[in-house]
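Colleague:
2 protein chains.
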Amino acid sequence: MKSPSQPRDRGIPDATVARLPLYLRALHGMAEKAIATVSSEDLAVAAGVNSAKLRKDLSHLGSYGTRGVGYDVEYLVYQISRELGLTQDWAVAIVGVGNLGRALANYGGFVSRGFRVAALIDADPEVVGDDIAGLNVEHIDELEAVIKRRGVSIVVLATPAAAAQEVCDRVVAVGVTSILNFAPVVLSVPDGVDVRKVDLSIELQILAFHEQRKAGGPLMAVDSQ
Amino acid sequence: MKSPSQPRDRGIPDATVARLPLYLRALHGMAEKAIATVSSEDLAVAAGVNSAKLRKDLSHLGSYGTRGVGYDVEYLVYQISRELGLTQDWAVAIVGVGNLGRALANYGGFVSRGFRVAALIDADPEVVGDDIAGLNVEHIDELEAVIKRRGVSIVVLATPAAAAQEVCDRVVAVGVTSILNFAPVVLSVPDGVDVRKVDLSIELQILAFHEQRKAGGPLMAVDSQ
DNA sequence: CTGACTTTGTGCGTCGGTTCACAAAAGGAT
DNA sequence: ATCCTTTTGTGAACCGACGCACAAAGTCAG
Chain A
1 MKSPSQPRDR GIPDATVARL PLYLRALHGM AEKAIATVSS EDLAVAAGVN SAKLRKDLSH
61 LGSYGTRGVG YDVEYLVYQI SRELGLTQDW AVAIVGVGNL GRALANYGGF VSRGFRVAAL
121 IDADPEVVGD DIAGLNVEHI DELEAVIKRR GVSIVVLATP AAAAQEVCDR VVAVGVTSIL
181 NFAPVVLSVP DGVDVRKVDL SIELQILAFH EQRKAGGPLM AVDSQ
Chain B
1 MKSPSQPRDR GIPDATVARL PLYLRALHGM AEKAIATVSS EDLAVAAGVN SAKLRKDLSH
61 LGSYGTRGVG YDVEYLVYQI SRELGLTQDW AVAIVGVGNL GRALANYGGF VSRGFRVAAL
121 IDADPEVVGD DIAGLNVEHI DELEAVIKRR GVSIVVLATP AAAAQEVCDR VVAVGVTSIL
181 NFAPVVLSVP DGVDVRKVDL SIELQILAFH EQRKAGGPLM AVDSQ
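Here the protein sequences line up with chains A and B, keeping their order.
The numbering of the first sequence is full-length UniProt numbering, which starts it at 1 and goes up by one.
The numbering of the second sequence is full-length UniProt numbering, which starts it at 1 and goes up by one.
1. Return no unless some Cβ of chain B is closer than 8 Å to the Cβ of A:Ala18.
2. Quick check: the region 148–157 of chain B against the region 74–81 of chain B, are at least 3 beta-carbon pairs closer than 8 Å?
3. Rounded to whole angstroms, how far is the Cβ of A:Tyr119 from the Cβ of A:Val146, which I believe are closer than 8 Å?
4. With a CB to CB cut of under 6 Å and the five nearest residues on each side skipped, what residues in its chain are close to A:Arg196?
5. State the beta-bridge partners of B:Asp139 as determined by DSSP.
6. Excluding the 5 residues flanking B:Leu39 on each side, which residues of the same chain have their C-beta closer than 7 Å to its C-beta?
7. What does B:Ile154 reach in chain A if we use C-beta pairs closer than 8 Å?
8. Restricting to runs no shorter than 4 residues, where is the alpha helix (DSSP H) found entirely within the UniProt domain "CoA-binding" (85–186) of chain B?
9. What are the partner residues of A:Lys214, as DSSP defines its beta bridges?
10. Is there at least one Cβ from chain A nearer than 8 Å to B:Gly48's Cβ?
11. Who are the near neighbours of A:Arg19 in its chain, counting only those whose CB is closer than 7 Å to its CB and skipping five residues on each side?
12. Of all the options A:Gly108, A:Gly109 and A:His139, which has the alpha carbon lying nearest to the alpha carbon of A:Val95?
13. With a 10 Å radius around its C-beta and 16 neighbouring C-beta atoms as the bar for buried, classify A:Leu219 as buried or exposed.
14. Taking just the CA atoms, how far does B:Gln205 sit from A:Ala44?
15. In chain B, which residues lie with their C-beta within 7 Å of the C-beta of A:Pro184?
16. Taking Cβ positions only, does A:Arg196 come closer than 8 Å to chain B?
17. Report all residues from its chain with a CB closer than 7 Å to the CB of B:Arg116; omit the five preceding and five following residues, and keep chain order.
18. Count the other C-beta atoms from every protein chain shown that fall within 10 angstroms of the C-beta of A:Arg213, then say buried if there are 16 or more, exposed otherwise.
19. If B:Asp194 and A:Leu200 are in contact, beta carbons under 8 Å, what's the gap, nearest whole angstrom?
20. Any idea which residues DSSP pairs B:Tyr71 with across the strands?
21. Note down the Cα distance separating A:Asp42 from B:Ser178, rounded to an integer number of angstroms.
22. What are the start and end residues of the alpha helix (DSSP H) that includes A:Val17?
23. Since I believe A:Leu187 is in contact with A:Arg170 (beta carbons under 8 Å), could you give me their beta-carbon distance rounded to a whole number of angstroms?
24. Which residues in chain A sit within 9 Å of B:Asn106, going by Cβ to Cβ distance?
25. Using beta-carbon positions only, say whether A:Val198 and B:Glu203 come within less than 8 Å of one another.
26. With 8 Å set as the bound, which would you pick, yes or no: does the beta-carbon of A:Gly175 sit closer than that to a beta-carbon of chain B?
27. Spatial neighbours of A:Gln6 within its chain, please: CB distance less than 7 Å, with the 5 preceding and 5 following residues excluded, ordered by chain position.
28. Using a Cβ cut-off of 8 Å (strictly closer), state whether B:Ser51 contacts chain A.
29. Assuming A:Thr37 and A:Val73 form a contact by the criterion Cβ under 8 Å, report the distance between their Cβ atoms to the nearest whole angstrom.
30. Distance cutoff 8 Å, beta carbons only. Does B:Met220 sit that close to anything in chain A?
31. Quick one: grab the DSSP three-state call for B:Asp191.
32. Considering Cα atoms alone, identify which of A:Arg149, A:Ile35, A:Ala183 and A:Asn99 is closest to A:Ala164.
33. Excluding the five sequence neighbours on either side, which residues of its own chain have a C-beta within less than 6 Å of the C-beta of B:Val176, listed in chain order?
34. What's the C-alpha gap between B:Asn99 and B:His28?
35. Taking A:Tyr64 and A:Leu76 to be in contact with their CB atoms under 8 Å, please state how far apart those CB atoms are, rounded to whole angstroms.
36. Can you pull the chain B neighbours of A:Leu84, defined as C-beta to C-beta under 9 Å?
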């Protein structure tokens, strides 16, 4: 016999990792509705994916389901949270407190997932000193000091494009290895540093491409979230 | 002989479409620096991709390069813009004028790519009537009327999660088939409607996963933008 | 005109991800 | 205890994407 429900091999596919937060969100919704167990089919529908894919994704974490029954909602929430590292507290700094930075600072979705906005930093003296979302905005000169003092491990860049690379270099220099970049530039970072980017205008451009196809051509290419 | 530089077959891979905006951004930067032609290698570096991939992507649009020379920057900007549908004017409505909606309304990246924010819509009477980014915020009751009147073809949802599906249904009902969704819910839409979603907290969760791996495990999985 | 050099466009092997479909496992009923 | 139903976990086929590596196509010097 083989040992039951091991944490499994260290090597979860990227595509799977990207979907785990989706499952987690769906599961939270179910937990709120006091649903105790859920089948892969139902959870798949709630998350908007194929059920076979969902089962394969979950199987990468371990064997947490019961055949003939489904998955225990509470337990699965815990397992996914643990795998994603959400059982620990993550201190996040937001650099660039413009419209976007402000929106991010107030975004509830962070806090509810174990992310704590621990610092707001900007270069504009007009903004420095303001209180936003209960935090005092600090000056960019304090960048390194603040990151160290607050134990920040993830930095969100919401600066103008022109400033992003310099700020990036500085945070990397003090040991930050996870960056979420909203500035429309390709950041260059050393190996070992993770950068994820969100470009709002790219999403619109992709939509425009498909929209144009619908209007013009005889064939319609359609999505799936 | 075969006819030179045709628009090529109607069937550009999704992965390619998703990268075209990236190339476009890099090319715009080069055009500003008055660079007339660029090799696939240089453009690939600027866009942060492999040069073979870039060439294959561009080959899907047609044969717009010159062997031994490279690509004409201006011409390529035009071809990509045309393919993405950016040569036409797109009227965008933003529904939900909270922090995020406000940030989006003020985001310069839209306007510079042929997207025009044509309407801001909210349900909160406190906000309705305000002027934001030079636009008057209109009431959600006017949703259908505004969309028709302004010729809106793309809707950005920046509402609370609870309101997203209802607003989605209403805009779909008046013929909108392209939606950019920032609300953390899985929207259900009929076939033929394109939904793209941006979930800020998902990106952070993916970062947290990798960050945790770095700290704990013996193997380091690293990114690539 | 010829030959050396540069850079594109793509054929092809490879890899990761998706989906189908089914055997194995669990629960419940009789 | 045995059978029937439900649902998981996964083997295997398929599909698209990636990147190497090279022939084809063009430039430029002499």
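All C-beta atoms in this analysis are idealised placements derived from N, C-alpha and C, irrespective of residue type, glycine included.
If you're wondering where the values come from, they're calculated on a predicted model, not measured in any experiment.
Modeller: Looking at the atomic coordinates:
1. At least one C-beta of chain B is nearer than 8 Å to the C-beta of A:Ala18.
2. no
3. In the sequence under discussion, the amino acid at residue 119 of chain A is Ala, which differs from the Tyr named in the question. With 8 Å as the limit, A:Ala119 and A:Val146 qualify as a contact, their Cβ atoms being about 5 Å apart.
4. Short of 6 Å from the beta carbon of A:Arg196, and not among the five residues preceding or following it, lie these beta carbons of its own chain, in chain order: Leu180.
5. Residue identity check: residue 139 of chain B is His in the sequence provided, not Asp. DSSP output for B:His139 lists B:Asp122 as bridge partner(s).
6. For the record, residue 39 of chain B in the displayed sequence is Ser; it is not Leu. For B:Ser39, where only same-chain residues beyond five positions count, the Cβ hits under 7 Å are Gly70.
7. Leu204, Leu207, Ala208 and Glu211
8. 99–106, 108–111, 143–150 and 161–173
9. Answer is none; A:Lys214 lacks a bridge partner.
10. yes
11. Val49 and Asp57
12. Each of A:Gly108, A:Gly109 and A:His139 was checked against the Cα of A:Val95, and the nearest Cα belongs to A:His139.
13. Any reading at A:Leu219 is ruled out, since the residue's pLDDT is 42, under 50, leaving its predicted position unreliable.
14. 20 Å
15. Arg25 and Gly109
16. Chain B, which has a Cβ nearer than 8 Å to the Cβ of A:Arg196, makes this yes.
17. Cβ neighbours of B:Arg116 beyond the five flanking positions: Asp89, Trp90, Ala91 and Val92.
18. buried
19. Actually they are not in contact, since the Cβ atoms of B:Asp194 and A:Leu200 sit about 16 Å apart, beyond 8 Å.
20. In the DSSP output, where bridge partners are listed per residue, B:Tyr71 has B:Val38 and B:Gly65.
21. 27 Å
22. Asp14 to Glu32
23. A:Arg170 to A:Leu187, Cβ: 12 Å. No contact.
24. Near B:Asn106 (Cβ distances below 9 Å), the residues of chain A are Gly98, Asn99 and Leu100.
25. yes
26. no
27. With a pLDDT of 43 at A:Gln6, under the threshold of 50, the modelled position of this residue cannot be trusted; read the value that follows with caution. Excluding residues within five positions, the ones whose Cβ falls inside 7 Å are Gly62.
28. no
29. 6 Å
30. Note that B:Met220 has pLDDT 42, beneath the 50 cutoff, so the model's placement of it is unreliable and no number is given.
31. coil
32. A:Ala183
33. Val155
34. 29 Å
35. 6 Å
36. Gln205, Ile206, Ala208, Phe209 and Gln212
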